[in-house]
Amino acid sequence: MTELIDAAQAVLRANDRGGYTVPTDRLYPFQWNWDSAFVALGWATFDEDRAWREIERLLEGQWDDGMVPHIVFHVPSDDYFPGPDVWGTKHRPATSGVTQPPVLATVVRRLFDATGAAERAAALYPKLLAWHRWWAKARDPQGTGLVAILHPWESGMDNSPAWDLALARVPMSGVTPIRRRDTRHIGADMRPQDDEYRRYIALVDLFRTLRWEPEAMWAHTPFKVADVGINAMLHRAETDLLALAGGFGQPGDEDEIALRLERRRQAMPGLWNEAAGLFEPFDLIAQAPVPVATSAGFLPLFAGLVDTRQARRMAAEIERWAEAVRYLVPSLSPRDPRFDAKRYWRGPVWAIVNRMIAEGLADYGQDALATRIHGHTQALVRRGGFAEYFDPTTGEGLGGERFSWTAATALSWAAP
Ligand code: DGY
2 MTELIDAAQA VLRANDRGGY TVPTDRLYPF QWNWDSAFVA LGWATFDEDR
52 AWREIERLLE GQWDDGMVPH IVFHVPSDDY FPGPDVWGTK HRPATSGVTQ
102 PPVLATVVRR LFDATGAAER AAALYPKLLA WHRWWAKARD PQGTGLVAIL
152 HPWESGMDNS PAWDLALARV PMSGVTPIRR RDTRHIGADM RPQDDEYRRY
202 IALVDLFRTL RWEPEAMWAH TPFKVADVGI NAMLHRAETD LLALAGGFGQ
252 PGDEDEIALR LERRRQAMPG LWNEAAGLFE PFDLIAQAPV PVATSAGFLP
302 LFAGLVDTRQ ARRMAAEIER WAEAVRYLVP SLSPRDPRFD AKRYWRGPVW
352 AIVNRMIAEG LADYGQDALA TRIHGHTQAL VRRGGFAEYF DPTTGEGLGG
402 ERFSWTAATA LSWAAP
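Numbering (my numbering), first residue to last: 2 to 417.
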């Protein structure tokens, strides 16, 4: 155990670039949004100051309108595509122009509860509130209660089959040619396909010509999906922001946050699929549910957004998935014909998703399954090291090696 802790701490130290942590060397040479949030929880187990720094440095990238970008390009690197030249955003430090799953408020609440660092939490609170306001305004302008993503990268689950139909609508005619750097660092069989990249970049090209203005992006994007994972993580984060507002907020903040929570609570049942035993995304352009069973479909458990009957139904569905793979929780149902045990978000297991699902299951009294998922995650790390993700059929470590959020999760996720 001590050896594992030492090794996990060594990963974070090696990936430290001065107050921020790269997800892994070379493959991801900048600061990523939700990576850093989970990584801060790892730092907090042995260096509280460094944990707070991680969040503070990420928020150096926050835009005036409240958006927290998915990448902050603190220092140049030719190891990654698309770099700041392709994004063409105005912010300094340079950033990308889309966001990522909003888990920061959840992490800040946990850091504050663990450290009692009121001054640091107080300084971060208004920035978190601004980001949550941005989500509501920029990604749910009609006030439906469900925010939408405008780019698969915003989901954090880039090549999930959840986006296949919506992404097929994006023409591959972006002006920027794709220059894959990721497949120089790791096998192409573990990464998204070139055609997906052409569409990712075509969306970036479109948004850049729209000057990254949220109203114009909302009006003109061919890709607009109310993602289950994002809404679940945002709901959980709003709950945590509400708790922080009690200590650090202005009059009116709590009512404002409670209103957003109530709207989402009312809208979420619309994404439930009883037969599938999980939640599914909704495609706002097609005005249709996306029939897909991904691990994100279980994340409403983490948000307290389900009733106990749904929680039992989801637990039974996860048990059914377990009959087809050795390690839980694969990112796609192993019964989906698109299941690919090695390809990024189309099958592999991710430690951070396991953590959120298991914490959610435990909240609903599903302790045995939560403990099993925790045990599988530990076994995967023992078998595959601190890999970016893992093959659910063999346990092989995949993607980037010495990966920060996997090490951080090993450090900070205690058995349920
Ligand atoms: C990547 O480049 O793989 C990231 O997931 C996109 O941010």
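Cβ atoms here follow ideal geometry from the backbone N, Cα and C, with glycine treated the same way.
Rounded Cβ spacing between residue 350 and residue 393 (contact assumed at less than 8 Å): Contact between residue 350 and residue 393 holds, since their C-beta atoms are separated by about 5 Å, short of 8 Å.
Neighbourhood of residue 136 by C-beta, 7 Å cutoff - its chain only, sequence neighbours within 5 removed: Around residue 136: 103, 148 and 235.
Run of the alpha helix (DSSP H) containing residue 126, from where it starts to where it stops: Per DSSP, the continuous alpha helix (DSSP H) segment holding residue 126 begins and ends at 119-140.
Whole runs of the alpha helix (DSSP H) within the segment 261-327, excluding any shorter than 4 residues: 309-323, all fully within the segment 261-327.
Classification of residue 158 by the beta-carbon crowding that lies within 10 angstroms, buried from 16 upward: Per the 10 Å Cβ criterion, buried.
Cα-Cα separation between residue 292 and residue 163, rounded to whole angstroms: Whole-angstrom Cα-Cα distance: 8 Å.
C-beta neighbour in chain D for residue 150, strict 7 Å: Note that chain D does not occur in the displayed structure, where there is just one protein chain.
Sequence-distant residues of the same chain with beta carbon closer than 7 Å to residue 171, five excluded per side: 200, 203, 204, 223 and 224, listed in sequence order.
Cutoff 8 Å; reference residue 395; Cβ partners in own chain excluding five residues on either side: Hits under 8 Å: 327 and 342.
Where the alpha helix (DSSP H) through residue 57 begins and ends: Per DSSP, residue 57 is one residue of the alpha helix (DSSP H) stretching across 49-59.
beta-carbon residue 164 near the ligand DGY non-hydrogen atom, thresh 6 Å: No, the beta carbon of residue 164 sits no closer than 6 Å to any heavy atom of the ligand DGY.
Beta-carbon gap between residue 362 and residue 302 smaller than 7 Å: Taking a C-beta distance under 7 Å as the contact criterion, residue 362 and residue 302 qualify as a contact pair.
Residues bridged to residue 150 [DSSP beta-bridge criterion]: 226, per the DSSP bridge assignment.
Residue range of the unbroken alpha helix (DSSP H) whose run includes residue 218: From DSSP, the alpha helix (DSSP H) with residue 218 extends over 215-221.
Closest by C-alpha distance to residue 120, when choosing among 34, 50 and 219: For the options 34, 50 and 219, the alpha carbon positioned closest to that of residue 120 is the one of 50.
Cβ neighbours of residue 402 in the same chain (closer than 7 Å, five flanking residues each side left out): Counting only Cβ-Cβ distances below 7 Å, and skipping sequence neighbours, we find 25, 386 and 388.
Where residue 241 falls: helix, strand or coil (DSSP): Looking at residue 241 - three-state DSSP - the assignment turns out to be helix.
Contact belief for residue 109 with residue 122 at Cβ below 8 Å, rounded distance in angstroms: Contact holds; Cβ gap of about 6 Å.
The ligand DGY heavy atom lying under 6 Å from the CB of residue 36: No - the ligand DGY has no heavy atom lying nearer than 6 Å to the Cβ of residue 36.
Burial state of residue 1, where buried means 16 or more other Cβ atoms lie within 10 Å: Since the first residue of the chain shown is 2 and the last is 417, residue 1 is not available in this structure.
Cα-Cα separation between residue 98 and residue 90, rounded to whole angstroms: Rounded to whole angstroms, the gap between the alpha carbons of residue 98 and residue 90 is 6 Å.
Status (buried if at least 16 other CB within 10 Å, exposed otherwise) for residue 221: By the neighbour-count criterion, in which 16 or more other beta carbons inside 10 Å mark a residue as buried, residue 221 falls on the exposed side.
Cβ-heavy atom distance, residue 159 to the ligand DGY, below 6 Å: For the ligand DGY, a non-hydrogen atom lies closer than 6 Å to the CB of residue 159.
Among 153, 65, 72 and 416, nearest to residue 59 - alpha-carbon criterion: Among 153, 65, 72 and 416, the Cα nearest to that of residue 59 is on 72.
Cβ-Cβ distance between residue 180 and residue 47 below 7 Å: No, Cβ-Cβ distance for residue 180 and residue 47 is not below 7 Å.
Any non-hydrogen atom of the ligand DGY closer than 6 Å to residue 136 Cβ: Checking the Cβ of residue 136 against the ligand DGY gives no.
Residues bridged to residue 73 (per DSSP): Under DSSP, residue 73 shares a beta bridge with 32 and 96.
Neighbourhood of residue 141 by C-beta distance below 6 Å, restricted to the same chain and skipping five residues each side: 148.
7 Å CB neighbourhood of residue 284 in its chain, flanking five on each side removed: Excluding positions up to five away in sequence, the list reads 166, 167, 226 and 291.
Residue 82 - DSSP class collapsed to helix/strand/coil: It is coil, neither helix nor strand.
Whole runs of the alpha helix (DSSP H) within the segment 333-404, excluding any shorter than 4 residues: Correct list: 352-364 and 368-385.
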